[in-house]
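Written below as structure tokens is the structure these notes are about.
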Amino acid sequence: MSGHKIFITEVALRDAHQSLLATRLRTVDMLPIAEKMGRAGYWSVEMWGGATFDACARFLNEDPWERIRLLRKEMPDARFQMLLRGQNLLGYRHYADDVVVRFIELAADAGIDVFRVFDALNDLRNLATTITTVKRLGKHVQGAISYTTSPVHDVKTFVELAVELERMGSDTICIKDMAGLLAPEAAYELIREIKARVKVPLALHSHCTSGFGNITYMRAIQAGIEMLDCAISPLSQGTAHPPTETIVAMLKGTENDTGLNLDVLSEIAKYFGEVRKKYKKFESSFTGVDMNILRWQIPGGMISNLENQLKEQKALDRLDEVLEEIPRVRRDLGYPPLVTPTSQIVGIQAVLNVITRERYKVIANETRELIRGRYGRLPGEIDQDLKKRVLKGEEPMTCRPADKLEPEMARLRGKFPDLGDEDLMVHALFPQIAPKYFENRGKVPPEFDEEHTVSHHKPLYPQMPSTYHVSVNGKSYNVVVENGFVDGAPALNFTGEDAANTGVMFNYPDF
Numbered sequence: 003m004s005g006h007k008i009f010i011t012e013v014a015l016r017d018a019h020q021s022l023l024a025t026r027l028r029t030v031d032m033l034p035i036a037e038k039m040g041r042a043g044y045w046s047v048e049m050w051g052g053a054t055f056d057a058c059a060r061f062l063n064e065d066p067w068e069r070i071r072l073l074r075k076e077m078p079d080a081r082f083q084m085l086l087r088g089q090n091l092l093g094y095r096h097y098a099d100d101v102v103v104r105f106i107e108l109a110a111d112a113g114i115d116v117f118r119v120f121d122a123l124n125d126l127r128n129l130a131t132t133i134t135t136v137k138r139l140g141k142h143v144q145g146a147i148s149y150t151t152s153p154v155h156d157v158k159t160f161v162e163l164a165v166e167l168e169r170m171g172s173d174t175i176c177i178k179d180m181a182g183l184l185a186p187e188a189a190y191e192l193i194r195e196i197k198a199r200v201k202v203p204l205a206l207h208s209h210c211t212s213g214f215g216n217i218t219y220m221r222a223i224q225a226g227i228e229m230l231d232c233a234i235s236p237l238s239q240g241t242a243h244p245p246t247e248t249i250v251a252m253l254k255g256t257e258n259d260t261g262l263n264l265d266v267l268s269e270i271a272k273y274f275g276e277v278r279k280k281y282k283k284f285e286s287s288f289t290g291v292d293m294n295i296l297r298w299q300i301p302g303g304m305i306s307n308l309e310n311q312l313k314e315q316k317a318l319d320r321l322d323e324v325l326e327e328i329p330r331v332r333r334d335l336g337y338p339p340l341v342t343p344t345s346q347i348v349g350i351q352a353v354l355n356v357i358t359r360e361r362y363k364v365i366a367n368e369t370r371e372l373i374r375g376r377y378g379r380l381p382g383e384i385d386q387d388l389k390k391r392v393l394k395g396e397e398p399m400t401c402r403p404a405d406k407l408e409p410e411m412a413r414l415r416g417k418f419p420d421l422g423d424e425d426l427m428v429h430a431l432f433p434q435i436a437p438k439y440f441e442n443r444g445k446v447p448p449e450f451d452e453e454h455t456v457s458h459h460k461p462l463y464p465q466m467p468s469t470y471h472v473s474v475n476g477k478s479y480n481v482v483v484e485n486g487f488v489d490g491a492p493a494l495n496f497t498g499e500d501a502a503n504t505g506v507m508f509n510y511p512d513f
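Heads up: the sequence shown begins at 3 in the numbering used here, then just goes up one per residue.
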């Protein structure tokens with residue numbers, strides 16, 4: 003092995019429960035163990051970002067900003083880390099630069115130390131404002147590469163991304179393997195090649211969905227990786243991450259010893275083992291290992307969400323068709339890595355292709371925007387027929403998408419003069435759930451009230467635009483899906499005559 007200490011990022015408070023428990027872990031269940039986690043010796047504790055902001059506001063009636071401050075009181079010396087989707091922030095569209103800058107300033111003021119930043123398309127133009135702002139504030143930038151496999155992705159692709167992330171100012175670089183696709187030997191080769199070109203420390207984030215996790219981590223260490231993402235054992239494996247204690251024990255007494263105390267980790271694990279029982283209703287039905295992930299190219303959490311959606315449509319028997327359609331849609335759209343928001347876009351389109359029984363009979367507005375370049379530069383070529391059908395002769399956007407966005411903060415402050423900037427960010431990112439959030443903030447959600455029980459959990463729905471275009475009996479119609487979460491699947495509302503009795507229904511999940 004390469005002789006150097008391995009630093010551990012603990013993801014129990016963010017990505018672990020996002021992967022296994024629908025992002026429902028409440029702050030009240032984090033605080034009792036926070037002090038012990040703060041002195042466990044982790045390099046960082048990932049505890050914010052990703053889907054947690056959305057889940058706090060949409061389901062938990064919690065102030066996401068207050069979560070940072072409460073945890074900071076219990077962990078004054080811990081290095082707090084968040085996941086940030088570049089120009090997407092924690093929402094599902096691109097936001098103007100002034101919103102991005104202010105959001106990062108607020109997060110830094112609240113207590114975030116490390117900003118892991120990525121773009122779903124690996125279009126690094128979408129990280130420029132984020133990286134510049136984090137650096138200006140004196141915080142740590144961890145530039146992340148969205149790892150995937152396709153005919154247009156190879157080792158050289160990812161090495162060049164790493165080189166550019168270092169040039170842009172990243173303090174560390176993360177290989178973000180969100181679906182567990184990175185095989186052990188591929189990891190060894192990739193890390194060796196990146197290490198030969200960049201000087202900053204390298205981190206690896208992976209999942210156990212394919213079963214590669216622990217072995218890939220071992221080969222990564224042998225290749226020279228410095229930092230690994232792990233989840234405490236009760237919140238590990240399956241669609242989550244390699245277990246912290248396993249990695250620590252595996253390296254104990256070697257030249258790569260993490261320095262973490264297994265006795266302390268055992269106490270943390272015991273706590274989360276009990277806490278997880280409280281969240282049984284939110285457990286994903288996808289457990290264990292499924293090598294089909296390598297073919298479908300999708301994050302494990304996406305499977306359970308698709309199951310929920312098709313079950314609501316009384317079309318669960320078509321799940322296999324959807325799973326087979328996803329890689330075809332991904333190919334048609336130029337092989338984007340499947341991570342928010344591209345995972346939603348590809349998943350939505352695959353479901354539409356299957357339930358309408360005709361490929362691209364209904365084209366989601368988000369699919370059109372992706373083809374038009376509104377999310378950034380796609381890695382590969384779009385299917386020519388689909389491209390012509392969407393563009394209709396117009397030129398796709400080739401500039402950084404945010405260059406076309408007008409500033410938003412002044413408008414928000416004018417519209418909501420009584421709100422502070424933290425609350426304004428809820429309106430900026432999730433305008434349709436904001437009123438309900440402010441009405442219910444601080445109230446215990448019914449599903450956590452012992453007097454109330456639920457038979458199933460609601461998946462996390464993004465507030466993406468949702469206008470579709472469909473041909474019915476030879477006529478074209480605009481199709482609108484009602485935004486916001488509702489029980490069951492909302493009907494597609496057709497406008498125009500002859501639009502009745504189509505029987506098309508759809509609801510869109512967060513993957």
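Beta carbons: idealized from backbone N, C-alpha and C, even for Gly.
Owing to the predicted nature of the structure, the values given are computational and were not obtained by experimental measurement.
Under the three-state reduction of DSSP output, H96 falls in the coil class, being neither helix nor strand. With distances taken between CA atoms, D56 lies nearest to D425 out of E449, D425, P448.
The beta carbons of A146 and K178 sit about 4 Å from each other, so the pair counts as a contact at 8 Å. With a cutoff of 8 Å on beta-carbon distance, W45 and M229 are scored as near each other.
Pairing G378 with F418, the inter-Cα distance amounts to about 31 Å. Judged by DSSP in its simplified three-state form, M293 adopts coil rather than helix or strand. Here G88 is not bridged, per DSSP, to any residue. Take the alpha-carbon of V446 and the one of R199: they are about 51 Å apart. Going by beta carbons, P186 and T218 fall inside the 8 Å limit.
In the three-state DSSP reduction, F117 falls in the strand class (E or B). S268 counts as exposed, since fewer than 16 other C-beta atoms from the protein chains shown sit within 10 angstroms of its C-beta.
With a cutoff of 8 Å on beta-carbon distance, I373 and P338 are scored as not near each other.
Leaving aside the five residues that flank L325 on each side, the residues in its chain whose CB is nearer than 6 Å to its CB run, in chain order, W298. Residues G51, G52, R118 of the same chain have their beta carbon placed closer than 6 Å to that of L85, with the five preceding and five following residues left out of the count. In this structure, E408 and A98 form a Cβ contact; the two beta carbons are roughly 6 Å apart against a cut-off of 8 Å.
Look at S268 here: in three-state DSSP terms it is helix.
S345: member of the alpha helix (DSSP H) spanning 344-357, first to last residue. Scanning its chain for C-beta atoms nearer than 6 Å, with the 5 sequence neighbours on each side dropped, one finds around A189 the residues T218, R221, A222, in chain order. Within the same chain, Cβ atoms closer than 7 Å to the Cβ of A164 are found at I147, I175, I196, R199, V200, the five residues on either side in sequence being excluded. The Cβ neighbour count for G215, taken over all protein chains shown within 10 Å, is at least 16; the residue is labelled buried.
Look at M229 here: in three-state DSSP terms it is strand. Put simply, the backbone Cα of D79 is about 46 Å away from that of E314.
For the region 201-245, the continuous beta strand (DSSP E) assignments of 3+ residues that do not extend past its boundaries occur at 204-208, 229-232, in sequence order. Across the structure, M77 and G40 are spaced so that their CA atoms are roughly 5 Å apart. Secondary structure at S172: coil, using DSSP grouped into helix, strand and coil.
As computed with DSSP, Q83 is found in a beta bridge with E48, V116. The DSSP-derived three-state label of Q434 is coil. CA-CA distance, V154 to P381, rounds to 7 Å. Within a 10 Å sphere around the beta-carbon of M293 sit fewer than 16 other beta-carbons, which makes this residue exposed. V353 and L340 do not touch by the CB rule: their CB atoms are close to 14 Å apart, not below 8 Å. Closest in alpha carbon position to A110, among R87, L92, G140, is G140.
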